[in-house]
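J.:
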Amino acid sequence: MRLQLLSLLVLPFLATASTDEQMVLPSSQGGFGEPFLPVTYSGKPSLADLLTIESSASIFYSYARETELSKLFADKNAKSTLLVPTNKAVIALPRKPYVPYDVFHAPAELYTASCCHSHEGPEPIREGVILSEAEFDDLSKKNVERWVSAHIIPVCHRCSSPSPAAAN
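Reading the sequence shown from the start, the letters are residues -17 to -1, 1 to 151 in mature numbering (1 follows the signal peptide of the UniProt record, and there is no 0).
Given below as structure tokens:
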């Protein structure tokens, strides 16, 4: 009983001693004098917002976040159309977007048909070429960037604005 009473008396002194050693850190928005400004919702979701909540497109968006194109998705004023494959479609791909072209060592004639060439990408790297890990990573990033960009339809500014003849 005495120990509990003693701890109740000593505890406030320990708390005040520790506050003397504390210091206030500057906010992430600037200096000490600037007030905190909360982030407000504008009401218009970005493509990034929509892709975040769409669970059936999570694999595509995880690839897209790794690219520079993710800035386009976060821009609320960007006007683009995305053809987003579902998770099932990405899983069913025979070659994943990050896999470099030479992994399967397919003969070059498989890539010369126009339908295969446009979808599968450029000619495979010659067999026997050894890539360093950095080169492999760079090639994988380029493949992912190319694959993601193939799913973006940019806005045609000539088509979206009224023609001068229609304005009269």
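Backbone N, C-alpha and C fix where the C-beta goes; we use that ideal spot for every residue, glycine too. Note that the coordinates shown come from a computational prediction; the quantities given were computed from them, not determined experimentally.
Tell me the rounded alpha-carbon separation between L76 and I135.
T.: Residue 76 sits at position 93 when you count from the first residue of the sequence shown. Residue 135 sits at position 152 when you count from the first residue of the sequence shown. Distance between the alpha carbons of L76 and I135: 18 Å.
J.: Answer yes or no: does any C-beta atom of chain C fall closer than 8 Å to that of K54?
T.: The structure shown contains no chain C; it holds only a single protein chain.
J.: Could you spell out where the alpha helix (DSSP H) holding L34 opens and where it closes?
T.: In the sequence shown, the residue the question calls residue 34 occupies position 51. Counting along the chain, the alpha helix (DSSP H) containing L34 begins and ends at 30 to 36.
J.: Which same chain residues end up closer than 6 Å to P68 when comparing Cβ atoms and leaving out the 5 residues on each side of it in sequence?
T.: As a first step, residue 68 must be located in the sequence shown, where it is residue number 85. For P68, where only same-chain residues beyond five positions count, the Cβ hits under 6 Å are F43.
J.: Can you tell me where the alpha helix (DSSP H) with S45 in it begins and where it stops?
T.: The residue given as residue 45 occupies position 62 in the sequence shown. From DSSP, the alpha helix (DSSP H) with S45 extends over 41 to 48.
J.: Where does the unbroken alpha helix (DSSP H) through I74 begin, and where does it stop?
T.: To locate residue 74, count along the sequence shown from 1; it is residue 91. 70 to 74 is the extent of the alpha helix (DSSP H) around I74.
J.: Thinking just about the alpha-carbon of each residue, which of L(-12), Y46, S38, S63 is nearest to the one in L30?
T.: Start at 1 with the first residue of the sequence shown, and residue 30 comes out as number 47. Checked all of L(-12), Y46, S38, S63; the closest Cα to L30 is S63.
J.: Check L65 in the structure and name its three-state DSSP category.
T.: Here residue 65 corresponds to residue number 82 of the sequence shown, with the count starting at 1. Residue state, collapsed to three classes: strand.
J.: So what does DSSP say about D58, is it helix, strand or coil?
T.: The residue you call residue 58 lines up with position 75 of the sequence shown. Three-state DSSP puts D58 in coil, outside helix and strand.
J.: Whose C-beta lies closer than 6 Å to the C-beta of A150 among residues of the same chain, with five residues either side of it excluded?
T.: In the sequence shown, the residue the question calls residue 150 occupies position 167. Because the pLDDT of A150 is 46, which lies under 50, any placement of that residue in the model is unreliable, and the question is left without a value.
J.: So, at 8 Å on beta carbons, what are the nonlocal neighbours of E128 in its own chain, with the 5 sequence-adjacent residues on each side left out?
T.: Start at 1 with the first residue of the sequence shown, and residue 128 comes out as number 145. Only T50, E51, L52 meet the Cβ criterion.
J.: Locate the beta strand (DSSP E) running through I136, then write down its first and last residues.
T.: Mapped onto the sequence shown, residue 136 falls at position 153. Its beta strand (DSSP E) spans residues 135 to 137.
J.: Pop quiz: A40 and V131 are said to be a contact at Cβ under 8 Å. What is the actual Cβ separation, rounded to whole angstroms?
T.: Counting from 1 along the sequence shown, the entry for residue 40 is found at position 57. Counting from 1 along the sequence shown, the entry for residue 131 is found at position 148. At roughly 12 Å, the Cβ-Cβ gap does not stay under 8 Å, so A40 and V131 are not in contact.
J.: Cα separation between K27 and K59?
T.: Residue mapping note: residue 27 aligns to position 44 of the sequence shown, counting from 1. Residue mapping note: residue 59 aligns to position 76 of the sequence shown, counting from 1. Spanning the two alpha carbons is a distance of roughly 7 Å.
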